[in-house]
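The working numbering numbers the first residue of the sequence shown as 141 and each following residue consecutively.
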Amino acid sequence: MVKIDLGGCSSFVKDADYIEFEKKALEAFDTLQAENGAGNDFLGWKDLPVDTPESLISDCEAVRDDWKARGVDLVIVIGIGGSYLGARCAIEALSHPFIRKDGVPQIVFAGNNLSEDYIADVMDLARERNTACVVISKSGTTTEPAVAFRIVKSYLEERYGAAEAACRIVAITDAVKGALKTLATQEGYRTFVVPDNVGGRYSVLTPVGILPIVLAGIDIRAMLKGAADERAEVYSRSSDNAAVKYAAMRNLLYSAYGKKVEILVSFNPRFQYLCEWWKQLYGESEGKEGKGIYPASVIFTTDLHSMGQFIQEGDRVMFETVVNVENARRSVVIGSDTQNLDQLNYLAGKHVEHCNAMAQLGTKLAHIDGGVPQIGLSIDKVDEYNLGALFFFFEFACGISAYVLGINPFNQPGVEAYKKNMFALLRKPGFEKQTEEILKRI
Ligand code: PA5
Numbered sequence: 141m142v143k144i145d146l147g148g149c150s151s152f153v154k155d156a157d158y159i160e161f162e163k164k165a166l167e168a169f170d171t172l173q174a175e176n177g178a179g180n181d182f183l184g185w186k187d188l189p190v191d192t193p194e195s196l197i198s199d200c201e202a203v204r205d206d207w208k209a210r211g212v213d214l215v216i217v218i219g220i221g222g223s224y225l226g227a228r229c230a231i232e233a234l235s236h237p238f239i240r241k242d243g244v245p246q247i248v249f250a251g252n253n254l255s256e257d258y259i260a261d262v263m264d265l266a267r268e269r270n271t272a273c274v275v276i277s278k279s280g281t282t283t284e285p286a287v288a289f290r291i292v293k294s295y296l297e298e299r300y301g302a303a304e305a306a307c308r309i310v311a312i313t314d315a316v317k318g319a320l321k322t323l324a325t326q327e328g329y330r331t332f333v334v335p336d337n338v339g340g341r342y343s344v345l346t347p348v349g350i351l352p353i354v355l356a357g358i359d360i361r362a363m364l365k366g367a368a369d370e371r372a373e374v375y376s377r378s379s380d381n382a383a384v385k386y387a388a389m390r391n392l393l394y395s396a397y398g399k400k401v402e403i404l405v406s407f408n409p410r411f412q413y414l415c416e417w418w419k420q421l422y423g424e425s426e427g428k429e430g431k432g433i434y435p436a437s438v439i440f441t442t443d444l445h446s447m448g449q450f451i452q453e454g455d456r457v458m459f460e461t462v463v464n465v466e467n468a469r470r471s472v473v474i475g476s477d478t479q480n481l482d483q484l485n486y487l488a489g490k491h492v493e494h495c496n497a498m499a500q501l502g503t504k505l506a507h508i509d510g511g512v513p514q515i516g517l518s519i520d521k522v523d524e525y526n527l528g529a530l531f532f533f534f535e536f537a538c539g540i541s542a543y544v545l546g547i548n549p550f551n552q553p554g555v556e557a558y559k560k561n562m563f564a565l566l567r568k569p570g571f572e573k574q575t576e577e578i579l580k581r582i
């Protein structure tokens with residue numbers, strides 16, 4: 141379960157202020173649970189940990205087994221934003237970073253950018269390997285994945301023939317609408333549905349995350365169990381509720397103490413994409429109407445040698461939220477050396493993780509001394525169960541937090557602005573007027 145420690149904030153905030161924000165967070169909790177707040181038609185994510193049918197998981201396993209029988213050793217997962225980051229987060233956190241397991245395909249991601257170099261590099265790999273593709277877009281109309289998919293689809297058809305290519309493509313999209321749905325029906329692809337009432341950034345426990353996670357050989361049942369247990373935990377209305385406390389403290393630091401930036405910190409490089417997933421969740425949910433905490437992230441100790449200076453002594457606009465992992469998955473002990481030329485014998489017999497823990501404690505004290513409040517979140521270890529718990533914890537806390545801020549956490553109106561300009565510049569049919577206007581500006 142996710143535990144919270146607000147001790148690293150106590151020297152920065154007044155108790156009375158915290159109590160006021162705890163009250164606001166409990167009211168926001170009530171709104172989220174009564175399902176009568178802004179965006180309440182997008183609350184399907186709340187039940188995913190307990191409602192996901194076994195048949196969905198077996199359908200995903202059937203794709204895995206079918207592709208295994210075809211010898212597939214590379215799956216290109218195409219998607220962007222919420223149709224990408226959850227799966228990548230889980231796969232990067234839970235797979236060996238350097239060695240692929242026997243019988244498990246390599247997963248690479250595409251359609252999350254418009255770089256020609258990037259897609260060309262992906263296609264270099266596709267040509268060398270036995271390739272299949274999962275294309276994910278809830279709307280079915282997003283340009284980045286659509287462009288990547290056109291390229292991958294055409295390559296698969298040329299290489300394997302249309303019928304075999306169709307067996308090597310799975311589409312995850314809306315049940316009825318969107319270009320991807322039409323295309324998938326026409327081409328006879330296997331499809332999975334993104335539920336209407338789940339927004340992209342809350343969709344990791346729908347087929348959007350589940351299929352890539354299953355293909356990567358990760359235990360999705362354990363992840364759902366972790367999410368379900370965390371759900372039971374954060375559903376209890378209490379001032380001890382970790383999600384309520386997190387939402388209360390981050391809003392207090394933002395509103396009353398000018399802390400406009402929250403840095404998510406992990407001392408485990410496997411959590412790099414947890415940070416990316418979290419940044420989208422909080423950034424897209426809260427950054428509206430001229431409000432919101434700017435979500436940033438660092439991986440320590442790596443970034444102590446780059447961003448550490450700024451966090452210690454730069455503009456005091458930030459607080460940290462540290463995701464602490466209590467136990468390492470592996471055991472590596474530092475040896476003794478008779479010559480001790482590197483002068484490290486004082487660490488002989490110590491686990492590397494012990495050094496990491498001391499770095500973490502030392503950093504906490506230094507940053508608090510430097511004026512950076514610290515919220516601590518802890519999990520037992522990096523595994524399916526705890527990652528599932530973290531997913532649900534952050535989603536639930538985000539709903540509470542955005543309601544404290546007075547924001548609809550489930551829309552993203554601002555994402556459209558760049559698209560209109562891009563379509564005008566690309567001369568998309570229907571955008572002629574905007575093209576004329578935009579050409580005057582450049
Ligand atoms: O959270 C969101 O809603 C967005 O990040 C979307 O997931 C992203 O824009 C991709 O959209 P789609 O799945 O419709 O292609």
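Built from N, CA and C at the ideal position, the CB exists for glycine as well.
In this text, all values refer to a predicted model and were calculated from it rather than measured experimentally.
Sheet register partners of residue i (DSSP bridge)
i, result
"R330", "V310"
"I515", "T461"
"Y434", "V401"
"V274", "V217, V310"
"I144", "L517"
"I473", "Going by the sequence as given, residue 473 is Val instead of Ile. DSSP, once it has assigned bridges, lists H491 as partnering V473."
"S406", "I439, V463"
Contact set for residue i: own chain, Cβ-Cβ below 6 Å, skip 5 residues either direction
i, result
"A272", "W207, V212, V215, R308"
"P435", "E402, K419, Y422, G423"
"E373", "M141"
"C200", "I350, L351, V354"
"A388", "F161, E162, A165"
"V344", "G226, F531"
"S279", "G318"
Own chain, CB closer than 7 Å to residue i, minus 5 neighbours either side, in chain order
i, result
"V262", "I216, V248, A250"
"T346", "L188, V334, P335, V338"
"L487", "I474, C495"
"H588", "Coverage of the chain is limited to positions 141 through 582, which leaves residue 588 absent and any answer about it impossible."
Residue i and residue j closer than 8 Å at C-beta
i, j, result
"E535", "L414", "no"
"T313", "T325", "no"
"A168", "V473", "no"
"S379", "L166", "yes"
"F550", "F563", "no"
"K385", "F459", "no"
"P285", "S294", "no"
"L296", "A303", "no"
"S437", "A542", "no"
Given residue i as reference, the closest of the options once Cα atoms are compared
i, options, result
"V153", "S255, V512, S437", "V512"
"V348", "K317, L225, S376, V374", "L225"
"E298", "R267, K321, V275, V316", "R267"
"A230", "I547, Y525, C538, P553", "Y525"
"I433", "V462, I439, N391", "N391"
"N253", "Q479, I239, A233, T283", "T283"
"I451", "A202, A315, Q514", "Q514"
"G357", "F407, V287, G243, Q412", "G243"
Range of the contiguous alpha helix (DSSP H) that encloses residue i
i, result
"C627", "Nothing can be reported for residue 627, as the shown portion of the chain is limited to 141 through 582."
"K208", "194-209"
"E577", "572-581"
"L296", "283-300"
"K365", "360-374"
"T171", "155-174"
Where the beta strand (DSSP E) through residue i begins and ends
i, result
"F249", "246-250"
"S151", "Neither: S151 is in no beta strand (DSSP E) and is coded neither H nor E."
Chain-order list of residues whose beta-carbon lies under 8 Å from that of residue i (same chain, five-residue window excluded)
i, result
"I197", "I350, V354, I360, R361"
"Y258", "A250"
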